[in-house]
Every structure is written in structure tokens, then in C-alpha cells.
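Protein chains in written order, with the UniProt record's numbering: chain A, 1 to 119; chain B, 1 to 119; chain C, 1 to 119; chain D, 1 to 119; chain E, 1 to 119; chain F, 1 to 119. We put the beta carbon where it would ideally sit given N, CA and C, even for glycine. Values in this document were obtained by computation on a predicted structure and should not be read as measured data.
6 protein chains.
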Amino acid sequence: MNDRVKQFTEFRKRMNERILEQDNQVVRRFFALDTQTYKDGALDVKTKEMLGLVASLVLRCDDCVSYHVAQCREAGVSRDEFFEVFQVGLVVGGSIVIPHLRRAVDFLDQLEGGAEAAG
Amino acid sequence: MNDRVKQFTEFRKRMNERILEQDNQVVRRFFALDTQTYKDGALDVKTKEMLGLVASLVLRCDDCVSYHVAQCREAGVSRDEFFEVFQVGLVVGGSIVIPHLRRAVDFLDQLEGGAEAAG
Amino acid sequence: MNDRVKQFTEFRKRMNERILEQDNQVVRRFFALDTQTYKDGALDVKTKEMLGLVASLVLRCDDCVSYHVAQCREAGVSRDEFFEVFQVGLVVGGSIVIPHLRRAVDFLDQLEGGAEAAG
Amino acid sequence: MNDRVKQFTEFRKRMNERILEQDNQVVRRFFALDTQTYKDGALDVKTKEMLGLVASLVLRCDDCVSYHVAQCREAGVSRDEFFEVFQVGLVVGGSIVIPHLRRAVDFLDQLEGGAEAAG
Amino acid sequence: MNDRVKQFTEFRKRMNERILEQDNQVVRRFFALDTQTYKDGALDVKTKEMLGLVASLVLRCDDCVSYHVAQCREAGVSRDEFFEVFQVGLVVGGSIVIPHLRRAVDFLDQLEGGAEAAG
Amino acid sequence: MNDRVKQFTEFRKRMNERILEQDNQVVRRFFALDTQTYKDGALDVKTKEMLGLVASLVLRCDDCVSYHVAQCREAGVSRDEFFEVFQVGLVVGGSIVIPHLRRAVDFLDQLEGGAEAAG
Chain A
1 MNDRVKQFTE
11 FRKRMNERIL
21 EQDNQVVRRF
31 FALDTQTYKD
41 GALDVKTKEM
51 LGLVASLVLR
61 CDDCVSYHVA
71 QCREAGVSRD
81 EFFEVFQVGL
91 VVGGSIVIPH
101 LRRAVDFLDQ
111 LEGGAEAAG
Chain B
1 MNDRVKQFTE
11 FRKRMNERIL
21 EQDNQVVRRF
31 FALDTQTYKD
41 GALDVKTKEM
51 LGLVASLVLR
61 CDDCVSYHVA
71 QCREAGVSRD
81 EFFEVFQVGL
91 VVGGSIVIPH
101 LRRAVDFLDQ
111 LEGGAEAAG
Chain C
1 MNDRVKQFTE
11 FRKRMNERIL
21 EQDNQVVRRF
31 FALDTQTYKD
41 GALDVKTKEM
51 LGLVASLVLR
61 CDDCVSYHVA
71 QCREAGVSRD
81 EFFEVFQVGL
91 VVGGSIVIPH
101 LRRAVDFLDQ
111 LEGGAEAAG
Chain D
1 MNDRVKQFTE
11 FRKRMNERIL
21 EQDNQVVRRF
31 FALDTQTYKD
41 GALDVKTKEM
51 LGLVASLVLR
61 CDDCVSYHVA
71 QCREAGVSRD
81 EFFEVFQVGL
91 VVGGSIVIPH
101 LRRAVDFLDQ
111 LEGGAEAAG
Chain E
1 MNDRVKQFTE
11 FRKRMNERIL
21 EQDNQVVRRF
31 FALDTQTYKD
41 GALDVKTKEM
51 LGLVASLVLR
61 CDDCVSYHVA
71 QCREAGVSRD
81 EFFEVFQVGL
91 VVGGSIVIPH
101 LRRAVDFLDQ
111 LEGGAEAAG
Chain F
1 MNDRVKQFTE
11 FRKRMNERIL
21 EQDNQVVRRF
31 FALDTQTYKD
41 GALDVKTKEM
51 LGLVASLVLR
61 CDDCVSYHVA
71 QCREAGVSRD
81 EFFEVFQVGL
91 VVGGSIVIPH
101 LRRAVDFLDQ
111 LEGGAEAAG
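This is the structure we're talking about:
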């Protein structure tokens, strides 16, 4: 894994543990529900992850975008499909989405670079 | 068509014409691009309309939600699938999405009621 | 109850039932979690409802604002306290909050008018 | 004045009075500051009102848009200029701005219709 | 003070001075009003700071969250109370709040670590 | 150019090229439309760039703000005018705009420092 991917993954893991060790049932249930949301159902995992990605993109949440980019990639979303998800996010959310799109593509490049390097 | 669906459709049509009769090339091109966005491509129309729906839901735009609910229904999205799109929107966007979810389900009910009444 | 309060309450109740009769576990759990969030805990109900109100106000969700205005009133929030919640919402969220503030005060007036009329 | 313009203007006036009669200094000062913001300065009133309009449009606040459409019109913004403000709002904010653009153009039409009818 | 807290505090202080040395009365008055908002009144400072925190959290403004986390801590908000503020923010604002929650908890940890180290 | 300006400019340029080399017509057309939006028309470039700046500010997009700050400066916006654009953004968008305002002023300072250093 390259630096940006590694740093993102480690901070995310460490803070999730820190949050969940606190005895707050609503927060814990929310985290569990968040995981359950993207499980296979009437819609398959790939479709749901693309839904999560476009929602994160129009709400302009870089960490959420990075997470769903990684999940989408694992679920088999191709680069052409990624760009069609991006195109929906861009047209719905406007030019303010562009900086997040830049970082999304950069993150995807780094994931793929990591995969190549590890391959 | 029942009243809410009819009123929405007519206002939308009338004002789109009003906007496009203005000689503003950027606005016209944006409208054309918006239409192009949901055409069949690497992702099919049904998937793209679901992406448009979830993006509209988390951005809490009732008219956009109504429009994509109607488009999704034409593209063959089932009620179970609709609710999985809604579940992603709800978990990503939080409880502030609920009022829009209520109106989305009401609009879907009215579309289906209209279909039954016309059937 | 006057008309605006009555209409809001009935639509809310009817659509919540409609949504929950759908067999979608994530949506149902989210609704249950939403209710659990405002229960008495380390913070009391009154404080939590004020938190819910200011969050709804800065996110500019009229229905959420109406709901929390009613809940705050039942929890004993005074008019002076309401306006200090509003002042935080207004300064944090800016002048785009003002139209929602107008409707919040109108809703509160109608709740109190209804209380007086029923008294 | 036609109905939509009249209803908007009256509710706005009535609720502003209701809010300002409450003895809350922060809220009152905010309202005063809001008025001061659009006064002639390094930038003229017309430019400032256009800034207020585009900000309201991308934040998708219909009442704020209506208010600044009326103010811009009084400050001499032409229809071509209005559409260039709209084009910036549309491209920056994306297709979710479109429903608000429809209502903005409808409001402008009604203001001009009122002007013609009164002329 | 550790690095993240120190860097945040210094940049904030330096830029506030830079902004206020500019002769713009509206900006200066807004900054004064912002300070006045959280003073003791019908609601106490602790409650108002929690309102400021939850508003900042749902609007996903990391710097605002950091600031109000520090203010809340000075006003005596306990860790259990912090997590109930977070739970309201999380349920109202949805999973897009999670990355900001991570950074809020990290900032709180660093504040407490700094307090321990200094103690 | 100093570091922050340079880093921003290079990442922006590199990723725009990366995005546009992908064969996605909607994304490419959106980028072209974005450029066209700020061309001289019924409103001049300076006014349009100020509109882009205030829209970016209230939507709290740091990269968009940086970009339009640079464009505004090239179009001849003075420091007093900048602060009147900021004042509209601040009052419309509220105190959550302040952290973005700090970074906007810092970016402007760095642009001017760069200009002085290069002069």
C-alpha cells in the first residue's frame, strides 16, 4: 500500500476502535447499521457500493469517497463504470464536486498502483 | 395521473420551456448534459437512475427525488429495490432525509395508484 | 390543533406507518435508533431535544424543525430558551436559516395558540 | 402584486416583526447586520445583490432566492444578467439547483407580470 | 499542547487577527456577534457550547468542531456527555458525519493527553 | 510561487489532465462548460469571478475558493472588494464559513506575497 492509502486506512481503523470502545449504544448501533446497509440484498453489493460512492461524492466527503472507491473496486467496478458514477455525481452536485473528483481519481490511481506493485 | 403528480409534471414542463427559450448557451448546454448523463453506457439506465435518486435524496431535493422515482419506476426498479436505495440514502444522509423519504414514498404510491387507476 | 400542526402530524404519522410496513430491516432499525437517540441519558431529554432542534435548523429541514419544536415544548423549553437555540442556529448557519426560523416561530405560535384554544 | 409574490411578502413581513419583538439581542443584531451587508460600499448594491442571489441559489433557499430576485430587479439587473447569475449558480451547484431555478424564473415572471399589470 | 492542537490554535489566532485588521465593519461585527452568541443567558455556557458543537458536526466543519470540543471541555462536558452530543449529530447527519466524528474524538484525546502531560 | 499556491496549482493541473484523458464525454463537456461559464458576457469576467467566489465560499469548498480568489485577483478585484464578497458569504453562510475565510485570506496573502517576491 502506498502512503495516502495506508495513512487513511490506519487512522480509520484506529479511531473506529476508539469510538466503539466507548459505551454508547446509539453510536455502536449506528456503526453496525452502516455495515449492514451495503450487504447483498434486493440490490447486489456492487450496486450498493456505487450508490454509497455517488452519495458520498455529492455530499463532498473525501474519506467516505475514498472508502467507497476501495469497496467498489473490490466489488468489481471497472474504470469506465467508475467514471459514469462520477459523471452522475458531477452533474447532480456541480463544479464544487470537482476537487473531490480529483482526489477520488488520485486515490483510485494509488489503489491500482499499489495493486500493480503488489502483483 | 393524480393531482400531485400532475401538478409537478406540468410546472416542470412549463418552466423548463420558459428557461430554455432564454438565449443562454451555458444553461441550455447544462440541461442537455443533464439528459445525456442518464443514457445507457457502461452502466445501464436503471443503475444510473438509482444513482440519480440516491444523490437527490441525500441532497434533499424533493423535486429531483420525484423525478428520479418516476424514472426509476419506468426503468423497472421494484419496491424492494427502491427501499434499498432509500436505505443507503437514509444511512448516509441521516434522519434529516426522513421527511424527504416520506414524500418519496408518497409520490411512488401516487404513481402506482395512478397506474392502477389507469389500468 | 390548528391546520398546519394537524396536517403535519397526520402526514408524518401516515407515512411513517407506510414506510415501516415495508419489510426493510435497515430502514426499520434506523427509525428505532432515531427514537432511542433522544431518550434520557447522560444528557436529559430537554437538552437532547434542543440539540436535535439546532441540528435541524442549521440543516434547514422544516419538518425536522417542527418536530423538535414540539418535542422541546413538551420537555419544558421556554420561549427565551427557544430563541437562544435559534440564535446559535442563526449565527452558525447564517441568513439562509432565516426563512426556516420564520416557519419555526410560526409553528411554535400555532402550537401555543392551539394550547390556549384547548385550555 | 400577484398571489405568490403577495403571500411571500406578507408572511415575511409578519414573521420578521414577530421575531424582532422577542427580546433577543443576538437575533436582532444579526437581522441588522444582514441589512447592512447589501448597502453600497466598495461594491455597489447591484453587484452585492447578485452575490446574495447566487449564494442563495447554490444553497437552494427558495425564499432567499425570491428576496434577492426582487432586490436585483430593483437594482436594475436585466434578464440577460439574471440568466448569467443563474448560469454560475447552476454550474457551481449542479442539477439539484434546477428546481430552484424554475421557481426563481417563475417568481421573476410574476414580478414582471405584476409590474406590467400595474403599469 | 501537542502538535495538532497547537497548529490549529496558532493558525486560527493569526488569521483572525489578519481578518480583523481589515477595515470591514460587517465582518468585524459578525465576529463580535459570534462571540456574544455563546455567553451565559437563558441557557448556560455549557448547553450553548454543546449546541454549537452539534451544529458544527452536522455541517461537517472540522475546525468548528475542534473549537467547540475545546470550549465544551472547558465548560465541563464529560466524555459520556460528549458522546451523547455526537450520537445526536450522527443520527441527524448520517454516516457522512463519521469521518468528522473520528477527528473530533482524536482532537478530544489530544486535548486530554495534553492536559495529562501538563498535569 | 510559494508552497501552498504551487502545490495547489500542480495537483489541480495534473489531476485535471488525468480526468480528461479518460474517455467520458459527460465529464469532458462539464469541464468545458465550467470554463465557458466565467467568460465575458452580459456580466463581465470580474463580476462572474466574484459570483463564483461567493458561491464557493458558502458551499465551503476550499479548492474552489482558492481558484476563484486567484481568478478574481487577475480580474482586478481589490482587497476591499474581496472583503465585501467575503462579508456576503459570511452573513449568508454563517460562522461555519469562517475557517474557509481564514484559508481564503491566507491564500490571498500568499498570492500577493508571491507577487511581491517575484516583482
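Query, Result
"Would C/Ala55 and E/Val92 qualify as a contact pair, given that the criterion is a beta-carbon distance under 7 angstroms?", "yes"
"In the structure shown, what three-state DSSP assignment does A/Asp40 receive?", "coil"
"Give the single residue among A/Phe30, A/Asp44, A/Phe11, A/Glu84 whose Cα lies nearest to the Cα of B/Leu43.", "A/Glu84"
"Look up D/Leu57 in the DSSP assignment and say whether it is helix, strand or coil.", "helix"
"Quick one: what's got a C-beta closer than 8 angstroms to E/Ile98's C-beta in the same chain, skipping five residues either side?", "Leu90"
"Which of helix, strand or coil does DSSP assign to F/Ser66?", "helix"
"Using a Cβ cut-off of 8 angstroms, pull out every chain A residue sitting near B/Ser56, in sequence order please.", "Val92"
"Closer than 7 angstroms between beta carbons: that is the criterion. Which residues of the segment 12 to 42 of chain D meet it against chain F?", "Leu33, Asp34, Thr37, Gly41, Ala42"
"Using alpha carbons as the reference points, say which of A/Gln25, A/Phe86, A/Ala104, A/Leu20 lies closest to F/Asp23.", "A/Phe86"
"Give me the chain C residues within the contact set of D/Asp63, using Cβ-Cβ distance strictly less than 7 angstroms, ordered along the chain.", "Pro99"
"Who are the neighbours of F/Leu59 on chain A, taking C-beta pairs under 7 angstroms?", "Ile96"
"Using beta-carbon positions only, say whether C/Gly52 and E/Val27 come within less than 7 angstroms of one another.", "no"
"Skipping 5 residues on each side, what residues in its chain have a beta carbon closer than 6 angstroms to that of E/Lys48?", "Tyr38"
"Under 8 angstroms Cβ to Cβ from E/Val69, same chain only, skipping five residues before and after it: list those, please.", "Leu53, Phe82, Ala104, Phe107, Leu108, Leu111"
"At a CB-CB cut-off below 7 angstroms, which residues of chain E make contact with C/Val85?", "Leu51"
"Taking 6 angstroms as the limit between beta carbons, can you name the residues of its chain near D/Arg18, skipping five residues before and five after?", "none"
"Sort A/Asp80, A/Val58, A/Thr35, A/Asp63 by Cα distance to A/Val5 and report the nearest one.", "A/Asp63"
"Do we get a CB-CB distance below 7 angstroms when we pair C/Val77 with the residues of chain E?", "no"
"What three-state label does DSSP hand C/Ser78 in the structure shown?", "coil"
"Drop a sphere of 10 angstroms on the beta-carbon of F/Arg60, count the other beta-carbons inside from all chains shown, and report buried for 16 or more, exposed for fewer.", "buried"
"Leaving aside the five residues before and after F/Asp80 along the sequence, list all residues of the same chain whose C-beta is less than 7 angstroms from its C-beta, in chain order.", "none"
"Out of F/Phe11, F/Phe31, F/Glu10, which one is the CA nearest neighbour of F/Leu20?", "F/Phe31"
"Thinking C-alpha only, which one of E/Asp3, E/Gln7, E/Gln71, E/His100 is nearest E/Met50?", "E/Gln71"
"For E/Asn2, which residues of its own chain have a beta-carbon under 7 angstroms away from its beta-carbon, when the five flanking residues on both sides are left out?", "Gln110, Gly113, Gly114"
"Checking contacts by CB at 7 angstroms: is B/Val88 closer than that to chain A?", "yes"
"Need the endpoints of the alpha helix (DSSP H) that D/Gln22 sits in, please.", "Careful: D/Gln22 lies outside any alpha helix (DSSP H) and carries neither H nor E."
"Compare the C-beta of E/Glu74 with all C-beta atoms of chain C and state if any pair is closer than 7 angstroms.", "no"
"Note down, in chain order, every chain B residue with its Cβ under 8 angstroms from the Cβ of D/Val5.", "Chain B residues near D/Val5: none, gap ~16 angstroms exceeds 8 angstroms."
"For E/Phe8 and E/Ser66, which I take to be in contact (beta-carbon distance under 8 angstroms), what is that distance rounded to the nearest angstrom?", "6 angstroms"
"Should D/Asp40 and C/Ser95 be called a contact, given that it needs their Cβ atoms to be closer than 7 angstroms?", "no"
"Determine the DSSP secondary structure at B/Gly94, reduced to helix, strand or coil.", "coil"
"Between E/Arg102, E/Ala75, E/Gln36, E/Val58, which lies nearest to E/Lys46 when the distance is taken from Cα to Cα?", "E/Ala75"
"Could you list which residues in chain B have their beta carbon closer than 7 angstroms to that of A/Glu81, in chain order?", "Ala42, Leu43"
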